[in-house]
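Numbering (the numbering used here), first residue to last: 1 to 241.
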């Protein structure tokens with residue numbers, strides 16, 4: 001890959017996260033990868049943007065905003081809830097542009113059909129939400145006790161999880177690309193269902209850690225993704241000759 005021919009790797013954050021959390025990933029890859037982060041409502045530059053009524057509607061908004069990223073060769077990576085949003089966006093890329101991703105990376109996520117958040121009712125009370133966040137991981141008790149932190153963060157993650165709680169895969173579509181899974185060894189997520197989402201053999205790699213292994217395993221994950229992108233891009237270029 002040359003610097004001129006950077007390949008977009010479109011990143012879909014997990015529930016509660018945004019561009020700030022994933023901006024550090026831009027420095028984890030070599031010059032050939034251009035990390036582009038999907039922007040969700042209610043945070044950062046979109047603080048006043050309301051959340052769409054459903055996850056597929058959010059996917060449509062993101063597709064429209066990032067459509068130029070999907071016109072050439074590109075890859076998608078989503079962590080946790082981001083994998084489900086990334087899948088819905090990938091379907092739109094196939095349907096509207098006839099252009100599937102070069103490769104679809106999923107980390108810390110069950111297959112879309114198995115990813116519905118089932119504890120929506122617990123989000124209705126402050127203590128219920130805190131317990132959800134404890135179970136979800138990634139936050140310390142100090143974070144949970146910080147009023148300023150929670151006043152900003154709690155409504156965002158609650159909105160994200162409600163969106164995931166209402167998600168139903170109404171229109172299954174197989175991805176016309178390889179699917180590569182990354183999973184924490186101590187995570188409880190079951191990823192067996194992903195195989196039906198691609199005609200290719202699903203590849204899976206485990207890393208030390210739990211659901212948020214992405215925080216400690218950034219160099220290893222980036223190396224894996226970059227290596228796979230390079231291999232598939234070279235194959236695509238060779239087949240096009």
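Each residue gets a CB set at the ideal place from its N, CA and C atoms; glycine is no exception.
query	result
Note down the Cα distance separating residue 116 from residue 42, rounded to an integer number of angstroms.	21 Å
Among the candidates 238, 46, 33 and 201, whose CA atom is the shortest distance from the CA of residue 20?	46
In or out: residue 13 buried (at least 16 other Cβ within 10 Å) or exposed?	buried
Quick check on the burial criterion: 16 or more other C-beta atoms within 10 angstroms. Buried or exposed for residue 35?	buried
Does the distance from the C-beta atom of residue 83 to that of residue 109 stay below 8 Å?	yes
I need the DSSP call for residue 15, collapsed to helix, strand or coil.	coil
Report the residue ranges of all beta strand (DSSP E) runs contained in full by the region 179-220; include only those spanning at least 3 residues, in chain order.	179-184 and 203-207
Buried or exposed for residue 91, going by 16 or more other Cβ atoms inside 10 Å?	buried
Assuming residue 103 and residue 180 make a contact with CB atoms under 8 Å, what is their CB distance in whole Å?	6 Å
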